[in-house]
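Numbering-wise (the working numbering), the sequence shown opens with residue 4 and increments by one.
In this text, a Cβ means the ideal position worked out from N, Cα and C, and glycines have one as well.
Worksheet: the structure to be examined is printed underneath.
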Amino acid sequence: MEKIAILGGGIAGLATAFELTSQPDWRDRYEITLYQMGWRLGGKCATGRGPNGRIQEHGIHGFLGSYHNTLPMMVRCYQELGRPAGTPLSSFDTAFDPQSAILMWEWIDGGWSPWSMVYPTNDDPPGLAPGQFTVAGTMRKLLATAGHFVAKAAIPFVGLVKGLFHEIDQMLSALALERVVEAVDSLWRHLKDWLLQHLNTGLRRLYLLLDYIFTLVRGALADEVIDKGFDRLDDEDFAAWLRRHGIDELTLNSPLALNTTNLSYQYPNGDTSRPPQMAAGAYLHWTLRMFDFRGAFGFLFKAGTGETIIQPLYELLQKRGVKFEFFHKVEALKLNGDKTSVAAIDMAVQATLKPGVPAYSPLVRIKGLDCWPAEPLYDQLVEGEALKAEEIDLESYWTPWRAPARKTLQAGQDFDRIVFAISIGAIPHLCPELLDASPAWRDMTANVPALITQAAQVWLSRPTKAMGGALPPEGAGVIISGTYAGPPDGQVDFTDLIAFEDWPADLSPQSLWYFCGLMPEYEAQPPFSDHDYPRRQADRVRDQFIQYLQTNIGPLLPKATTAATRPPGDPAGLDFDLLVDASGRKGTARFQSQFWRANIDPTERYVASPPGSTKYRLKAWDSGFANLVLAGDWIYTGLNVGSVEGTVMGARLASHAVCGAPALANIVGYPA
Numbered sequence: 004m005e006k007i008a009i010l011g012g013g014i015a016g017l018a019t020a021f022e023l024t025s026q027p028d029w030r031d032r033y034e035i036t037l038y039q040m041g042w043r044l045g046g047k048c049a050t051g052r053g054p055n056g057r058i059q060e061h062g063i064h065g066f067l068g069s070y071h072n073t074l075p076m077m078v079r080c081y082q083e084l085g086r087p088a089g090t091p092l093s094s095f096d097t098a099f100d101p102q103s104a105i106l107m108w109e110w111i112d113g114g115w116s117p118w119s120m121v122y123p124t125n126d127d128p129p130g131l132a133p134g135q136f137t138v139a140g141t142m143r144k145l146l147a148t149a150g151h152f153v154a155k156a157a158i159p160f161v162g163l164v165k166g167l168f169h170e171i172d173q174m175l176s177a178l179a180l181e182r183v184v185e186a187v188d189s190l191w192r193h194l195k196d197w198l199l200q201h202l203n204t205g206l207r208r209l210y211l212l213l214d215y216i217f218t219l220v221r222g223a224l225a226d227e228v229i230d231k232g233f234d235r236l237d238d239e240d241f242a243a244w245l246r247r248h249g250i251d252e253l254t255l256n257s258p259l260a261l262n263t264t265n266l267s268y269q270y271p272n273g274d275t276s277r278p279p280q281m282a283a284g285a286y287l288h289w290t291l292r293m294f295d296f297r298g299a300f301g302f303l304f305k306a307g308t309g310e311t312i313i314q315p316l317y318e319l320l321q322k323r324g325v326k327f328e329f330f331h332k333v334e335a336l337k338l339n340g341d342k343t344s345v346a347a348i349d350m351a352v353q354a355t356l357k358p359g360v361p362a363y364s365p366l367v368r369i370k371g372l373d374c375w376p377a378e379p380l381y382d383q384l385v386e387g388e389a390l391k392a393e394e395i396d397l398e399s400y401w402t403p404w405r406a407p408a409r410k411t412l413q414a415g416q417d418f419d420r421i422v423f424a425i426s427i428g429a430i431p432h433l434c435p436e437l438l439d440a441s442p443a444w445r446d447m448t449a450n451v452p453a454l455i456t457q458a459a460q461v462w463l464s465r466p467t468k469a470m471g472g473a474l475p476p477e478g479a480g481v482i483i484s485g486t487y488a489g490p491p492d493g494q495v496d497f498t499d500l501i502a503f504e505d506w507p508a509d510l511s512p513q514s515l516w517y518f519c520g521l522m523p524e525y526e527a528q529p530p531f532s533d534h535d536y537p538r539r540q541a542d543r544v545r546d547q548f549i550q551y552l553q554t555n556i557g558p559l560l561p562k563a564t565t566a567a568t569r570p571p572g573d574p575a576g577l578d579f580d581l582l583v584d585a586s587g588r589k590g591t592a593r594f595q596s597q598f599w600r601a602n603i604d605p606t607e608r609y610v611a612s613p614p615g616s617t618k619y620r621l622k623a624w625d626s627g628f629a630n631l632v633l634a635g636d637w638i639y640t641g642l643n644v645g646s647v648e649g650t651v652m653g654a655r656l657a658s659h660a661v662c663g664a665p666a667l668a669n670i671v672g673y674p675a
């Protein structure tokens, strides 16, 4: 029986274990152990429950309706768990909330103007069958979206235009590609002239949308993406590619073109004061894929990411027979003498279990859900009192904590194969021997950047509507935005999550807002012996968010400003007395009771896709070391954009490398 060691308990590790244990004969072939540092699973999707049971995330999470690998995994997970009807998150349908709207922010006439778009829904179940995903198919969906918004617009010749869209769709279906380009150009000439003569806010935005969509289609066809794929475009920047195919500069500078780069954090050194940079092929693939949704444009989580995604996967994998080792921090992979395989894995055992505790039980019960706490459950640990007294963060690489034990896993004894499911930011620290032995590893870590991010959550004493917030149209669901003032340029109203928190009645918040974005980084991080570094970075995030709320809330929540709540006052800044704070502090001091974090650790950095980076990504089976398989959104996935979908694709590719399943043709979006 082959022993498989999965290193890392984020989405990559969990999804790899899910795929391997989905094979009917896996118990006869494999013994699978997943090793995780600290007390919880999830990686960048880890959730912790803090004071009053509040949900504390690494950032803003949600799934697009085009996550054709991820959504079916979660459907299967919930189906196999078979939870009783009527219990919280009992099924996929009760755990995920379809949403059809996006909110963009447009800088116009010297100020921010909200621009919401509501996409049509469809009756398609999540996911795609093998062979259903095609580039031509995504372009048909894209043009159908354009047709949907044209049909809703007040233009006099909408019937004629709808007929032309239908003709173009038929041409794409028949792959009459040269005729498609001619028809798109002809259609756009007629629409463009009329729109430019009748511009108002709605028609100007329709002009931007159509210019954007037609540029994507024209460029994809001109560069023969249907036959030759996306990768050949990845040495070119997305903006240069769009310009090459005739986009209007107004459109290029609009939130439409920036949605993809902002939501996927494509800024050099994490600095949003600089223009975004993204490989054109990855940009085009992601953007086309975004419109190829099934059911709804997006699916948000009814509870925290930890409860909706991570805990169900953990519960299922435990039932299937996967072994979990918490408090096991990988410190180094050691090569054999001829540098062809991994001979050993050095680990720090961060905490040990008390006598009589057979295995660590990581979950707590809140509002009927099994949840991940924000701290270890100290009463199960020999070192629990010391960890609590010293306020040790076992997830930090800068911790002063000295592990009470060490462990070395030996090849042929403790493992036969490794799935390395730890993010690329940790490779320089954990794999120096591999970097020394492999130019390909050195090239990958040098050319695929991993960026630090920041996040904050604020609980407020007034509902969003009472604060003048932009509300989604009826039936559109929750609105997420990634094109507001930044950093952080992403924000979302997650008030619905309060129902799964545990606030006392006299302190219960009326709204909950998340903010997330990049953090600029130009200097090397200090050595891990600088134990004060996490505090300094957390203070940096706190101070930045206080400043952000003081200067940018006016357009977002106009009735939450001091000018609106207690005039006279600041029309742009938040009235901080609206923040829920049991201590009774005043003004900006109340922010101390909110939640914020600096995502600075090597394992929680966001993987970017700059021009020229795709060719350096290693494939799951191409580590160059005989017993080492790679998993994550940082490897070559065909999508090559940091995301849960990219991570699940990487995990499915890792499973394929181990056992041959799933077949490459069944990994949706991989250019098999």
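A Cβ-Cβ contact shorter than 7 Å links residue 73 with residue 647. In the DSSP annotation of this structure, the continuous segment of the alpha helix (DSSP H) that includes residue 165 starts and ends at 161-176. When the beta-carbon positions are compared, residue 563 and residue 556 come within less than 7 Å of each other.
Contact between residue 558 and residue 114 holds: CB atoms are separated by about 7 Å, below the 8 Å threshold. Your pair residue 38 and residue 331 checks out as a contact, with CB atoms roughly 4 Å apart and the cut at 8 Å. Residue 443 has its alpha-carbon roughly 25 Å from the corresponding atom of residue 14.
In this chain, residue 130 is not harboured by any beta strand (DSSP E), its DSSP state being neither H nor E.
Spatial neighbours of residue 339 in its own chain (CB-CB distance under 8 Å, excluding positions within 5 residues in sequence) are listed in chain order as 345, 346 and 414. Per the C-alpha coordinates, the member of 315, 218, 492 and 139 positioned closest to residue 231 is 139. Residue 109 places its beta carbon 7 Å or farther from that of residue 119. Per the coordinates, the alpha-carbon of residue 271 lies some 10 Å from the alpha-carbon of residue 521. A Cβ-Cβ separation of about 5 Å places residue 518 in contact with residue 459 under the 8 Å criterion. Closest by C-alpha distance to residue 382, out of 397, 355, 373 and 404, is 355. CA-CA distance, residue 470 to residue 496, rounds to 12 Å. Using a C-beta cut-off of 8 Å, the stretch 416-423 makes no contact with the stretch 447-461, since fewer than three inter-stretch Cβ pairs fall below that distance.
About 5 Å separates the beta carbons of residue 583 and residue 512, which is inside the 8 Å limit, making them a contact pair.
Nearest Cα to residue 453 within the set 675, 430 and 608: 608. In terms of Cα proximity to residue 163, the closest of 489, 191 and 592 is 191. Here residue 652 really is in contact with residue 673; their C-beta atoms are around 6 Å apart, less than 8 Å.
Where residue 470 is concerned, there is no enclosing alpha helix (DSSP H), because DSSP gives it neither an H nor an E. For residue 110, the enclosing beta strand (DSSP E) starts and ends at 104-111. The alpha-carbon of residue 170 is positioned some 19 Å away from that of residue 223. The beta strand (DSSP E) runs lying completely inside the stretch 479-514 and spanning 3 residues or more are 493-496, given in chain order.
Taking a contact as a CB-CB distance under 8 Å, the pair residue 56 and residue 328 does not count as one, their CB atoms being some 27 Å apart. Between residue 6 and residue 418, the C-beta gap is smaller than 7 Å, which places the two residues in contact. Fewer than three beta-carbon pairs drawn from the stretch 430-442 and the stretch 588-600 are found closer than 8 Å, and the two stretches are therefore not classed as touching. Contact between the stretch 534-547 and the stretch 571-581 is not established, with fewer than three Cβ pairs separated by less than 8 Å.
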